[in-house]
Amino acid sequence: MNVIIANDLANGLVVFRTRDGWTLDIDHAEISESKEAAEAALQRALEDAAANVVVDPSAIEVRRDGAHLVPVKLRERIRAQGPTTGNSKKDHAATCGEAA
Amino acid sequence: MYRYDEFDHAFVKERVAQFRDQVGRRLSGELDEEQFKPLRLQNGVYLQLHAYMLRIAVPYGTLNPRQVRMLAHIAREYDKGYGHFTTRQNLQFNWPRLKDVPDILAKLAEVEMHCIQTSGNCIRNVTADHFAGVAADEVADPRPYAEILRQWSSLHPEFLFLPRKFKIAVTGAPVDRAAIQFHDIGYEVKRNEAGELGFAVYIGGGMGRTPMLGKKIRDFLPEEDLLAYSEAILRVYNMHGRRDNKYKARIKILVHETGMENIGKEIEAEFEANKNGVLRLPEDELRRIAAYFAPPAYETRPAMSETLDAARKSDPAFDLWFRRNVNAHRVPGHAIVTISLKPIGGVPGDATAEQLDAIADIAERFSFDEVRVSHEQNLVLPHVAFDDMKALYDTLVANGLATGNAGLVTDIIACPGLDYCALANARSIPIAQRISERFADATRQEAVGDLKIKISGCINACGHHHAGHIGILGVDRKGEEFYQITLGGSGDEKASIGEIVGKGFSTDEIVDAVETLVDTYVEKRATASEPFLETYRRLGPGPFKEALYGSA
Numbered sequence: 197m198n199v200i201i202a203n204d205l206a207n208g209l210v211v212f213r214t215r216d217g218w219t220l221d222i223d224h225a226e227i228s229e230s231k232e233a234a235e236a237a238l239q240r241a242l243e244d245a246a247a248n249v250v251v252d253p254s255a256i257e258v259r260r261d262g263a264h265l266v267p268v269k270l271r272e273r274i275r276a277q278g279p280t281t282g283n284s285k286k287d288h289a290a291t292c293g294e295a296a
Numbered sequence: 047m048y049r050y051d052e053f054d055h056a057f058v059k060e061r062v063a064q065f066r067d068q069v070g071r072r073l074s075g076e077l078d079e080e081q082f083k084p085l086r087l088q089n090g091v092y093l094q095l096h097a098y099m100l101r102i103a104v105p106y107g108t109l110n111p112r113q114v115r116m117l118a119h120i121a122r123e124y125d126k127g128y129g130h131f132t133t134r135q136n137l138q139f140n141w142p143r144l145k146d147v148p149d150i151l152a153k154l155a156e157v158e159m160h161c162i163q164t165s166g167n168c169i170r171n172v173t174a175d176h177f178a179g180v181a182a183d184e185v186a187d188p189r190p191y192a193e194i195l196r197q198w199s200s201l202h203p204e205f206l207f208l209p210r211k212f213k214i215a216v217t218g219a220p221v222d223r224a225a226i227q228f229h230d231i232g233y234e235v236k237r238n239e240a241g242e243l244g245f246a247v248y249i250g251g252g253m254g255r256t257p258m259l260g261k262k263i264r265d266f267l268p269e270e271d272l273l274a275y276s277e278a279i280l281r282v283y284n285m286h287g288r289r290d291n292k293y294k295a296r297i298k299i300l301v302h303e304t305g306m307e308n309i310g311k312e313i314e315a316e317f318e319a320n321k322n323g324v325l326r327l328p329e330d331e332l333r334r335i336a337a338y339f340a341p342p343a344y345e346t347r348p349a350m351s352e353t354l355d356a357a358r359k360s361d362p363a364f365d366l367w368f369r370r371n372v373n374a375h376r377v378p379g380h381a382i383v384t385i386s387l388k389p390i391g392g393v394p395g396d397a398t399a400e401q402l403d404a405i406a407d408i409a410e411r412f413s414f415d416e417v418r419v420s421h422e423q424n425l426v427l428p429h430v431a432f433d434d435m436k437a438l439y440d441t442l443v444a445n446g447l448a449t450g451n452a453g454l455v456t457d458i459i460a461c462p463g464l465d466y467c468a469l470a471n472a473r474s475i476p477i478a479q480r481i482s483e484r485f486a487d488a489t490r491q492e493a494v495g496d497l498k499i500k501i502s503g504c505i506n507a508c509g510h511h512h513a514g515h516i517g518i519l520g521v522d523r524k525g526e527e528f529y530q531i532t533l534g535g536s537g538d539e540k541a542s543i544g545e546i547v548g549k550g551f552s553t554d555e556i557v558d559a560v561e562t563l564v565d566t567y568v569e570k571r572a573t574a575s576e577p578f579l580e581t582y583r584r585l586g587p588g589p590f591k592e593a594l595y596g597s598a
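Protein chains in written order, with the working numbering: chain S, 197 to 296; chain L, 47 to 598.
The structure is reproduced here in structure tokens:
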């Protein structure tokens, strides 16, 4: 199970591909259940990168945790959920309110 | 401190305009990421895990209150209300928007700051002893030389595309607080037998995946040859340094593979050919630059202060802070004060906008308008009168800046690690926080004494783990964070590279392992005043290995 992750070009924030755009909330991301679907989603994301919407898109593996999607790898979990510690952690929620 | 002249102002301003245009073209799609990435890196803009990161150069770690206030302003207006001081005496903002960076750079230029050469394969910000100009043990102030090197290396057309990044450090004292043997070039200001000023020169030191100590190439280089010799080293490196493999591209590998004798001959030949040319430092120019670093107008004060002594007796917390965070000054009645950015459980090196504003006020009130950044991620007030010490302390307390732990087990260096950094394999900051909390008790910390713990979240070693008395390196083991421990590293004048003590520890185990090492040291030390490093050097790794892993 995959979603597409990238950084927004203008503000750098972590974004996830939805069916027709990008979101800051991984739970709203488009899920690809098959390899073919993931490749097609990545292709659309690369087109967005070429159109200067996002930077460095890639497909990452996720799993379901109740109602939420959680990346399998720690690095991507930290990207999706913000720093695990310190000043940024408490402020991360505020940033996530910002439109990509 | 140094003030920009018209050339400095002009090139920084031109660079801001140029980058504004480049950002505009990137956002409009005229430039793609491949074209833009080298341009943004040349202006200190990285793309990290969560956002862009902006690294601001603080030449030789010196700041004035106007600059500190501007950093506070930028933190508030463009970031999340704080900045992060790094192991290169720089400041990083973790959350700027790309579209705002040109405005941030314009504001920095107003206070004579920039982000040029804080990334990329060029000569990086020159670092220096954070006690420069005031340390009681100093031969001469290293900052004028660091400034001369800054001017020479800024936008030097020959050295903007080196095989790899290049770091220079200068110390003015025999006690090395600038870790010069871990730099591509390390200069130690010294006097020869005739009393003339010059430098001992080390080359080829560095950390990263192949840590090496610098090797002494010159025992005494005359002062006037500083730039000609630097240029000779850079030219030989630029010619022969490897460009086919980034992991073998630093000058340390060139020195190691070519041998000091051969590389030394080439450098000396290059130097001989050019030493009487335009790079020879004229005496009047040297003195002109040095004049920027003239000491402030200290009042004549007695060596002892009754006010201070009385305050120390009546306030044990103040006394503890004084014992750890205050260092000897060359002017009687004055001291150098370290402001610890390592509160118990805090993020090493972070300062909030409010704290930065407070530090600017404090520097004006107590330290002749001057603040330093140390490579140990703390701040330094270089000129504090003993009589003002208690008032300063009370002000620091009010701003959450009075942690009395300089040089102790909780004064931990940590890189940003996997919480921020795109290169990291494991988190550093939470490990630092947990160790700090474990050793929070002030009496215990002081009983343990001088101990440097340094944590890196990957092999690039930004957290200087190779130079830690206890070094911790985060690695990725099958998707799990794991931590390797090295022992016996040191970044001072008796520099050494830490040795791996044995197999690594999980996130859950690492803090216990550190505590075991500290307890073993306390148990084995010859006297209560024998520091950790000396005990380790006397006994070797044996007792520590046994304590961690049991006898084989």
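Even for Gly, the Cβ is constructed at its ideal location relative to N, Cα and C.
All of these numbers come straight from a predicted model, not from anything done at the bench.
Nearest residue (CA-CA) to lysine 498 (chain L), options L:Ser474, L:Asp487, L:Ile477 and L:Leu533:
As a working note, residue 498 (chain L) is residue 452 in the second sequence. Of the candidates L:Ser474, L:Asp487, L:Ile477 and L:Leu533, the one whose C-alpha sits nearest the C-alpha of lysine 498 (chain L) is L:Leu533.
Run through chain B and tell me which residues come within less than 7 angstroms of alanine 206 (chain S), C-beta to C-beta.
No chain B is present in this structure, whose protein chains are S and L.
Per DSSP, what kind of secondary structure is glutamine 401 (chain L) in: helix, strand or coil?
As a working mapping, residue 401 (chain L) is identified with position 355 in the second sequence. Helix.
Proximal residues of chain L, C-beta to C-beta of lysine 231 (chain S) below 9 angstroms
Locating residue 231 (chain S) in the first sequence gives position 35, counting from the first residue. Result: empty, since nearest Cβ-Cβ is about 21 angstroms, beyond 9 angstroms.
Classify proline 328 (chain L) as buried or exposed, calling it buried when 16 or more other Cβ atoms lie within 10 Å of its own Cβ.
As a first step, residue 328 (chain L) must be located in the second sequence, where it is residue number 282. Under this definition proline 328 (chain L) is an exposed residue.
Figure out for me which residue from L:Asn371, L:Phe412, L:Val91 and L:Pro257 has the closest Cα to the Cα of cysteine 508 (chain L).
Walking along the second sequence from the start, residue 508 (chain L) turns up at place 462. Considering only alpha carbons, the answer is L:Pro257.
Cβ separation of glutamine 423 (chain L) and proline 394 (chain L), assumed to be a contact under 8 angstroms, to the nearest whole Å
Sequence index remark: in the second sequence, residue 423 (chain L) carries index 377 (1-based). Sequence index remark: in the second sequence, residue 394 (chain L) carries index 348 (1-based). Contact holds; Cβ gap of about 5 angstroms.
Count the other CB atoms, across all protein chains shown, that sit within 10 Å of the CB of glutamine 68 (chain L); report buried if there are 16 or more and exposed otherwise.
Residue mapping note: residue 68 (chain L) aligns to position 22 of the second sequence, counting from 1. Classification for glutamine 68 (chain L): buried.
Between which two residues does the alpha helix (DSSP H) containing serine 199 (chain L) stretch?
The count along the second sequence starts at 1 and reaches residue 199 (chain L) at position 153. Where serine 199 (chain L) is concerned, the enclosing alpha helix (DSSP H) stretches over 189-199.
Hey, does tyrosine 124 (chain L) have any beta-carbon neighbour from chain S nearer than 7 angstroms?
Along the second sequence, one-based indexing puts residue 124 (chain L) at 78. Answer no: the Cβ-Cβ gap between tyrosine 124 (chain L) and chain S never drops below 7 angstroms.
List the residues of chain S that tyrosine 595 (chain L) touches, going by C-beta distances under 8 angstroms, in chain order.
The residue labelled residue 595 (chain L) in the question sits at position 549 within the second sequence. Neighbours of tyrosine 595 (chain L) on chain S: none; closest Cβ ~26 angstroms, over 8 angstroms.
Cutoff 8 angstroms; reference proline 105 (chain L); Cβ partners in own chain excluding five residues on either side
As a first step, residue 105 (chain L) is located in the second sequence; it is residue number 59 there, counting from the start. Excluding sequence neighbours, proline 105 (chain L) sits near Tyr48, Asn171, Val172, Ala192, Glu193 and Arg196.
Could you tell me the distance, in whole angstroms, from the CA atom of isoleucine 313 (chain L) to the CA atom of glutamate 555 (chain L)?
Along the second sequence, read from residue 1 onward, the residue named residue 313 (chain L) stands at position 267. Along the second sequence, read from residue 1 onward, the residue named residue 555 (chain L) stands at position 509. Answer to the nearest angstrom: the Cα atoms are 48 angstroms apart.
Just mark glycine 525 (chain L) as buried or exposed, buried being the case when its beta carbon has 16 or more other beta carbons within 10 Å.
The sequence position of residue 525 (chain L) within the second sequence is 479, counting from 1. By the neighbour-count rule (16 or more Cβ atoms within 10 Å), glycine 525 (chain L) is not buried but exposed.
Cβ of valine 383 (chain L) within 7 angstroms of any chain S Cβ:
Taking the first residue of the second sequence as position 1, residue 383 (chain L) is located at position 337. Not an interface residue.
Considering only residues of the segment 224-269 of chain S, which uninterrupted alpha helix (DSSP H) runs meet the minimum length of 4 residues and lie entirely inside it, listed in chain order?
231-246
Taking Cβ positions only, does threonine 280 (chain S) come closer than 7 angstroms to chain L?
What you label residue 280 (chain S) is simply residue 84 of the first sequence in a count that begins at 1. Yes, threonine 280 (chain S) counts as interfacial toward chain L.
Terminal residues of the continuous alpha helix (DSSP H) containing arginine 296 (chain L)?
Counting from 1 along the second sequence, the entry for residue 296 (chain L) is found at position 250. From DSSP, arginine 296 (chain L) is part of no alpha helix (DSSP H); its letter is neither H nor E.
Using a Cβ-Cβ distance cut-off of 7 angstroms, determine whether leucine 209 (chain S) contacts chain L.
Position 13 of the first sequence, counted from the start, is the residue given in the question as residue 209 (chain S). Yes - at least one Cβ of chain L is within 7 angstroms of the one on leucine 209 (chain S).
Integer Cβ distance of alanine 182 (chain L) from arginine 418 (chain L), believed to fall under 8 angstroms
Residue numbering aside, residue 182 (chain L) sits at position 136 when the second sequence is read from its first letter. Residue numbering aside, residue 418 (chain L) sits at position 372 when the second sequence is read from its first letter. Between arginine 418 (chain L) and alanine 182 (chain L) the Cβ distance is about 16 angstroms, and since that is not below 8 angstroms, they are no contact.
Taking the CB atoms as reference points, tell me whether valine 426 (chain L) and histidine 176 (chain L) lie closer together than 7 angstroms.
One-based indexing of the second sequence puts residue 426 (chain L) at position 380. One-based indexing of the second sequence puts residue 176 (chain L) at position 130. Taking 7 angstroms as the Cβ cut-off, valine 426 (chain L) and histidine 176 (chain L) qualify as a contacting pair.
Under 8 angstroms Cβ-Cβ, which residues of chain L neighbour arginine 240 (chain S)?
Mapped onto the first sequence, residue 240 (chain S) falls at position 44. Ordered by position in chain L, no residue passes the 8 angstroms Cβ test against arginine 240 (chain S), which lies about 17 angstroms from the chain.
Using the rule of at least 16 other Cβ atoms within 10 Å of the residue's Cβ for burial, across every protein chain shown, is histidine 55 (chain L) buried or exposed?
Indexing the second sequence from 1 puts residue 55 (chain L) at position 9. Exposed, since its Cβ has fewer than 16 Cβ neighbours within 10 Å.
Selection from L:Ala493, L:Leu267, L:Gly379 and L:Phe368 that minimises the alpha carbon distance to proline 577 (chain L)
If you number the second sequence from 1, residue 577 (chain L) lands on position 531. Comparing Cα positions, the closest option is L:Ala493.
Does the beta carbon of isoleucine 531 (chain L) sit closer than 7 angstroms to a beta carbon anywhere in chain S?
Residue 531 (chain L) sits at position 485 when you count from the first residue of the second sequence. Output row for isoleucine 531 (chain L): interface = no.
Which class does glutamate 294 (chain S) belong to by DSSP, given the choice of helix, strand or coil?
On the first sequence, residue 294 (chain S) is found 98 positions in, with the first residue counted as 1. Per-residue confidence for glutamate 294 (chain S) stands at a pLDDT of 46, beneath the threshold of 50, marking its modelled position as unreliable; the derived number appears in the next sentence. Here glutamate 294 (chain S) sits in coil by DSSP.
Suppose you measure from the CA of tryptophan 141 (chain L) to the CA of alanine 513 (chain L); what does that come to, to the nearest Å?
Numbered from its first residue, the second sequence carries residue 141 (chain L) at position 95. Numbered from its first residue, the second sequence carries residue 513 (chain L) at position 467. Cα to Cα, the separation comes out at about 29 angstroms.
Outcome for asparagine 110 (chain L) when other beta-carbon atoms lying within 10 angstroms are tallied against a minimum of 16
By one-based count along the second sequence, residue 110 (chain L) stands at place 64. With 16 or more Cβ atoms within 10 Å of its Cβ, asparagine 110 (chain L) is classed as buried.
Cα-Cα separation, glycine 254 (chain L) to glutamine 277 (chain S):
Within the second sequence, the letter at position 208 stands for residue 254 (chain L). Within the first sequence, the letter at position 81 stands for residue 277 (chain S). Distance between the alpha carbons of glycine 254 (chain L) and glutamine 277 (chain S): 29 angstroms.
So that I know if they touch, is there some Cβ in chain L lying closer than 7 angstroms to that of arginine 215 (chain S)?
For this step, residue 215 (chain S) is matched to residue 19 along the first sequence. False, the Cβ-Cβ gap to chain L never drops below 7 angstroms.
What would DSSP say about threonine 202 (chain S), mapped onto helix, strand or coil?
Working through the first sequence from its first residue, we reach residue 202 (chain S) at position 6. The question names threonine, but residue 202 (chain S) in the sequence shown is alanine. Reduced to three states, the DSSP call for alanine 202 (chain S) is strand.
Output yes if chain L places a C-beta closer than 7 angstroms to the C-beta of arginine 275 (chain S); else output no.
Position 79 of the first sequence holds residue 275 (chain S). So yes, arginine 275 (chain S) belongs to the interface.
Counting only beta-carbon separations shorter than 7 angstroms, does valine 303 (chain S) have a partner in chain L?
Residue 303 (chain S) cannot be examined here, being either before or after the span of chain S that is shown, 197 to 296.
Counting only beta-carbon atoms, is glutamate 400 (chain L) nearer than 7 angstroms to chain S?
Counting from one through the second sequence, the residue named residue 400 (chain L) turns up at place 354. Taking Cβ atoms only, chain S never reaches closer than 7 angstroms to glutamate 400 (chain L), which makes this a no.
For the candidate residues L:Val430, L:Leu469, L:Arg347 and L:Glu400, whose alpha-carbon lies nearest to that of alanine 444 (chain L)?
Here residue 444 (chain L) corresponds to residue number 398 of the second sequence, with the count starting at 1. Nearest of L:Val430, L:Leu469, L:Arg347 and L:Glu400 to alanine 444 (chain L), Cα basis: L:Glu400.
Enumerate in chain order the residues of its own chain whose CB-to-CB distance from asparagine 371 (chain L) is below 7 angstroms, with the five nearest sequence positions on each side excluded.
The residue given as residue 371 (chain L) occupies position 325 in the second sequence. Cβ neighbours of asparagine 371 (chain L) beyond the five flanking positions: Val383, Thr384, Ser386, Gly450 and Ala452.
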